[in-house]
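Undergrad:
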Amino acid sequence: MPDVLLAESVESAINDLPADRKDRVKENLAGAGERPDRQLKKLSNRDDYSVRIGGYRAIVDWDKAEGTLYVMDFGHRRNVYDQ
Numbered sequence: 016m017p018d019v020l021l022a023e024s025v026e027s028a029i030n031d032l033p034a035d036r037k038d039r040v041k042e043n044l045a046g047a048g049e050r051p052d053r054q055l056k057k058l059s060n061r062d063d064y065s066v067r068i069g070g071y072r073a074i075v076d077w078d079k080a081e082g083t084l085y086v087m088d089f090g091h092r093r094n095v096y097d098q
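Letter by letter, the sequence shown follows residues 16 to 98 of our numbering.
(1) Tell me which same chain residues have a C-beta within less than 7 Å of the C-beta of glycine 69, skipping the five on either side of it?
(2) Pull up the distance between the alpha-carbon of aspartate 18 and that of lysine 57, whole angstroms please.
(3) With DSSP run on the structure shown, which of helix, strand or coil describes alanine 47?
(4) Tell me the start and end of each unbroken alpha helix (DSSP H) in the region 33-95 that is at least 4 residues and wholly inside, in chain order.
(5) Shortest alpha-carbon distance to alanine 22 belongs to which of Met87, His91, Tyr96 and Arg93?
(6) Taking just the CA atoms, how far does serine 65 sit from serine 59?
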């Protein structure tokens, strides 16, 4: 099972969410760590992947060799891809 590592900015963004959403995000990211081949969607024209969590998206770098998911960005789906 791959490790799931969060960037500091991602941890901060998740901690700013209401408790119910925060729990849902953490559960979904843990699920992505258990089954990344089923949970991650490859982004077009990028090397990154995304995880869908309701109206939010997590941008992930999946290092298959190390078995690690690096969550690099997190935000609402309307603006998370702009960065």
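The beta carbon of each residue, even a glycine, is placed where N, CA and C say it ideally should be.
TA: Looking at the atomic coordinates:
(1) In the sequence shown, counting from the first residue as 1, residue 69 sits at position 54. Counting only Cβ-Cβ distances below 7 Å, and skipping sequence neighbours, we find Arg39.
(2) Indexing the sequence shown from 1 puts residue 18 at position 3. Indexing the sequence shown from 1 puts residue 57 at position 42. Looking at the two C-alpha atoms, the distance is approximately 18 Å.
(3) Looking up residue 47 in the sequence shown gives position 32. Of the three classes helix, strand and coil, the one that applies to alanine 47 here is helix, per DSSP.
(4) 34-49 and 51-54
(5) One-based indexing of the sequence shown puts residue 22 at position 7. Residue Met87 is the option with its Cα nearest to alanine 22.
(6) As a first step, residue 59 is located in the sequence shown; it is residue number 44 there, counting from the start. As a first step, residue 65 is located in the sequence shown; it is residue number 50 there, counting from the start. Taking the straight line from one Cα to the other gives about 10 Å.
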